[in-house]
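Protein chains in written order, with our numbering: chain A, 4 to 345; chain B, 4 to 345.
The beta-carbon is built from N, C-alpha and C at its ideal position, and this holds for glycine as well.
To keep things clear, I will list the structure first and then write my remarks on it.
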DNA sequence: CTGTTAGCGCGTTCAG
DNA sequence: CTGAACGCGCTAACAG
């Protein structure tokens, strides 16, 4: 049988209460006694039964997810995954709340975080935006003892405990690599559509893409980036214009959201020359259908469900100072072709 | 506060013991009483606290993993992941044992399964081999009330509860698609190395690859499949011969294990013509290095850690008739280029 | 067929 | 500073 607190108490020659104080790093134990208890713990190889502990204290983990408002499918999917997690709350001992904030708006995000700090939960997961105010708000939350995970979009240099998202530089490189391979032997122009150059992950994707593509196929030229604000309408207008201006476009890399607009522009395009190679991000009903129909050649994806579940696991573990299975929390860059759709 | 068994007992006007009997579908309750209790459960929206239940019964889940002996890196990695899970046993209330069996040997596997049935655990995860004896042994285990998950290699049509592995037909198609794209405009021969045509997943990969490749690029011819028994030495000999016989080989698809041999053959090859495009399965230290150095162009991977953790979650859930998060248990076909290595 | 009671491993009063 | 006793939500004897 596994050793229990009773066994510790016995071998250390103290009572249960003392053992408990040592276990939970609470004051009221003489240093010598504490040492005896810790020695006993090591000796009998005690591992605390978190399930029993949580039962005893009726612990629940209040968690807040802060995500941008907006009607793109990716964020809708993310929200759905959070709601799915909310429905599992009873079993997972979580109490999850969602806060909407305006997108790409640092000050608003910062004040939302400050509002959360009024009644600090155990953990906060936030889709970050780069802005000094956000850095500071996160630092304040952290100082209040709140565990913090950035979600989808990171904020390097801030005191967040973890980033639940993909390596966007690597994602851009991967897209560049595929584009270069798919266009080998060809020359011409490649267009890039982003959401906003204000978010770090979009910049990273662009950097990775550019450098890898030109390295692999110097005959291709990358056109100046178009910013569609992750909005289907704006993306549609930009891409339609671009296709008109470059009837012989070799490729399109869409590294943000709002791909509905991209797909519409591709579908209604006059079928003159060769079809451009199209690589997009995030698997949604729209991009999935476009992959099947051949309008899009490859989709790079981050699994929103995985990101949400991972964020929750990490916030809980962080809240009571436990370790996680690192490999389980790595968010992969999924590559989908029409052949391996889920 | 969440409703508890006490609340059920009170609203149904019965005792705790009766509630417990109903909850655990045990005999000794009159149909009418049972109905009253179930009504109360529905009314107050009771959800059972599994953690508390497991604590009370001191439940542990005895699990057995049956895996093939052999020195290829993939199986070594799989074993390492199982051992990692064993080290987490205390927290996860599992008691995991590993059984080695000869590889690609149906009768041996069947008798190993029968031996396990002598002292039936809660669940068994098995790397399946297609053979009538195996089907029957699994059916017997199932009949003994053991939860069964096939791991890595499936046995469709057998009464296993779940398959923790990838869709190998889709994996083959994906490989064919990449090969076709990477070799667009070129003609020539493509070689295929498998482990054994006796395992279903290798056959599936081959089928998917062949059909997709010829559809995409009819100018390529697929050479007769070579069977390397997942053994580095045999794979090396086969590939070296093939490279000698076809100095202008366009591509190689290695759909099994033993890629150490493949890489060695590629590395020592006389550097005459164009390098063949090489696509392999399973990310190991060897294939990872070959990807970086450019000897291999793409690696399709199944995450062994994910497969093991998934198998455990499913066996536990199955053992006490619970549901799982379906999306979490889908094993992806990971595609690695040199750009997105972990 | 049904109810009473004593734990599972741990946290938390409240006396000493 | 330390210890005894009770309770978390659920199960399992053992009575009735």
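Proximal chain B residues relative to residue i, where beta-carbon distance stays under 9 Å
| i | result |
| --- | --- |
| residue 331 of chain A | 308, 309, 312 |
| residue 173 of chain A | 342, 343, 344 |
| residue 215 of chain A | 342 |
Chain-ordered chain B contacts of residue i [CB-CB under 8 Å]
| i | result |
| --- | --- |
| residue 5 of chain A | 93 |
Residues bridged to residue i (per DSSP)
| i | result |
| --- | --- |
| residue 223 of chain B | B/191 |
| residue 346 of chain B | The structure shown has nothing for residue 346 of chain B, since chain B only spans 4 to 345. |
| residue 103 of chain B | B/70 |
| residue 217 of chain B | The partner list for residue 217 of chain B (beta bridge, DSSP) is empty, contrary to what the question assumes. |
| residue 254 of chain A | A/193, A/280 |
| residue 65 of chain A | A/98 |
For residue i, three-class secondary structure by DSSP
| i | result |
| --- | --- |
| residue 200 of chain A | coil |
| residue 344 of chain A | coil |
| residue 57 of chain B | helix |
| residue 164 of chain A | coil |
| residue 244 of chain B | helix |
| residue 336 of chain B | coil |
| residue 230 of chain A | strand |
| residue 281 of chain A | strand |
| residue 326 of chain B | coil |
| residue 235 of chain A | helix |
| residue 314 of chain B | helix |
| residue 97 of chain B | strand |
| residue 90 of chain A | helix |
| residue 291 of chain B | helix |
| residue 42 of chain B | helix |
| residue 249 of chain B | coil |
| residue 260 of chain B | coil |
| residue 297 of chain A | coil |
| residue 22 of chain A | helix |
| residue 211 of chain B | helix |
| residue 286 of chain A | coil |
| residue 271 of chain B | coil |
| residue 308 of chain A | helix |
| residue 80 of chain A | helix |
| residue 28 of chain B | coil |
| residue 33 of chain A | coil |
| residue 143 of chain A | helix |
| residue 376 of chain B | Lying before the first or after the last residue shown, residue 376 of chain B is absent from chain B, which here runs from 4 to 345. |
First through last residue of the beta strand (DSSP E) which encompasses residue i
| i | result |
| --- | --- |
| residue 180 of chain A | Residue 180 of chain A -> not in any beta strand (DSSP E); alpha helix (DSSP H) instead, spanning 171-185. |
| residue 303 of chain A | 301-304 |
| residue 156 of chain B | Careful: residue 156 of chain B lies outside any beta strand (DSSP E) and carries neither H nor E. |
Under 8 Å from the C-beta of residue i: neighbouring residues of chain A
| i | result |
| --- | --- |
| residue 58 of chain B | 52, 54, 55, 58 |
Chain A contact residues for residue i, given Cβ-Cβ distances below 7 Å
| i | result |
| --- | --- |
| residue 336 of chain B | 343 |
Extent of the continuous alpha helix (DSSP H) to which residue i belongs
| i | result |
| --- | --- |
| residue 114 of chain A | 109-121 |
| residue 10 of chain B | 8-15 |
| residue 134 of chain A | Run containing residue 134 of chain A: none; DSSP gives neither H nor E here. |
| residue 52 of chain A | Residue 52 of chain A -> no alpha helix (DSSP H), and no H or E assigned at all. |
Residues of the segment 20-54 of chain A whose Cβ lies closer than 8 Å to any Cβ of chain B, in chain order
50, 52, 53, 54
Subject >> Interface residues of the segment 176-206 of chain B facing chain A [CB-CB below 8 Å] >> reply: 176, 177, 179, 180, 181, 184, 185, 187, 188
key: Interface residues of the segment 60-85 of chain B facing chain A [CB-CB below 8 Å]   = none
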